[in-house]
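Numbering (full-length UniProt numbering), first residue to last: 1 to 208. Where a beta carbon is used, it is the ideal one built from N, C-alpha and C, also for glycine. Owing to the predicted nature of the structure, the values given are computational and were not obtained by experimental measurement. So the structure is just underneath, and the comments pick up after that.
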Amino acid sequence: MPVKVLAFAGSPRRSGNSETLLDWMLASMAQEKDVTIEKIPLTEADINPCRGCNACEKLNRCIQRDGMDRWHDKIIEADCIVLSSPIFCMGLASQVKALVDRAQVFRSRKYVLKLPVVPPERKGKRLGVFLATAGQTWPHVFDGAVPSVKCFYHVIEIRDADISYLMINGVDEKGAITHHPTAKADAEKLGISVIAELKKRLSEGIIP
């Protein structure tokens, strides 16, 4: 059963800690059969901020014509959607937040227009992954980012129970994550387990 993975690399600093974590996980996924992966650096994705105009509540689409024209359909089509982000000022990097905010069109479709975001038969079969890195070692350093991530996944029909998290703190300088004792192994293990679960759901057609 083919599996489509769509991954957004959210850091403005290419090949930094959060993107390295993402690459480790994607590499493990790519070793599995029948897996296609598309990775999008958000610095190159041409996603404008949401204007808050609420036109999507009537049009069922955004009035802006930018990169989201492409990513919108890919978000719907993917079996697994991965977000990676560094933590900036206790929250998501602005590039990731722009993507999250532009998911307003899905919120309008789901709650205002009462239209399906994905076909009913695909509900419960999609998974989300959030990968994050932070320089601070505070235990609450990720707390500000997680609600936005949950909101994003919720409006694109990925349930809270179907979101996996890998969040590594205490890695500040570029490349610091390569010295972390467990980050690479944890990312690789997560990638393998996510693909295994997706293949099970897609092949059995069971919504747990």
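As assigned by DSSP and simplified to three states, the class of residue i
i: PRO147; result: helix
i: LEU42; result: helix
i: GLY124; result: coil
i: VAL3; result: strand
i: VAL155; result: helix
i: VAL141; result: coil
i: ASP73; result: helix
i: HIS179; result: helix
i: SER15; result: coil
i: ILE195; result: helix
i: LYS110; result: helix
i: LEU115; result: coil
i: ARG201; result: helix
i: ILE206; result: Only weak support exists for where ILE206 lies, its pLDDT of 48 falling under 50; the coordinates are left without a value.
i: ASP66; result: coil
i: CYS53; result: coil
Beta bridge counterpart(s) of residue i as assigned by DSSP
i: MET167; result: ALA132
i: PHE8; result: ILE40 and LEU83
i: GLY91; result: PHE88
i: VAL35; result: VAL3
Span separating the alpha-carbon of residue i from that of residue j
i: PRO208; j: GLY124; result: Low per-residue confidence applies at PRO208: pLDDT is 44, beneath 50, and the placement is therefore not dependable, though the value from the model is reported in the following sentence. If I take the Cα positions, the gap works out to 7 Å.
i: ALA134; j: GLU197; result: 28 Å
i: ALA183; j: ARG13; result: 19 Å
i: LEU113; j: GLU157; result: 15 Å
i: ALA55; j: ARG102; result: 12 Å
i: ALA45; j: GLY67; result: 6 Å
i: ILE47; j: ALA98; result: 7 Å
i: LEU131; j: TRP71; result: 19 Å
i: PRO181; j: GLN64; result: 44 Å
i: ALA9; j: LEU26; result: 11 Å
i: ARG201; j: SER15; result: 32 Å
i: ILE206; j: GLU173; result: A caution first: ILE206 carries a pLDDT of 48, below 50, which makes its placement in the model too unreliable to give a value.
i: ALA161; j: LYS58; result: 31 Å
i: MET90; j: SER148; result: 12 Å
i: VAL35; j: VAL3; result: 5 Å
i: CYS53; j: ARG109; result: 15 Å
Cutoff 9 Å: residue i Cβ touching any chain D Cβ
i: LEU42; result: The structure shown contains no chain D; it holds only a single protein chain.
Nearest-angstrom beta carbon gap, residue j and residue i [assumed within contact, 8 Å]
i: ILE192; j: SER85; result: Not quite, the Cβ-Cβ distance comes to about 22 Å (not below 8 Å), so this is no contact.
i: ALA7; j: LEU92; result: Contact doesn't hold; Cβ gap of about 16 Å is too wide.
i: GLN95; j: THR43; result: 6 Å
i: MET1; j: SER203; result: 5 Å
i: THR178; j: THR20; result: 7 Å
Residue i CB to nearest heavy atom of the ligand ADP below 8 Å
i: ASP79; result: Inclusion of the ligand ADP in the displayed structure is not the case, the ligand content being empty and no account of it being possible.
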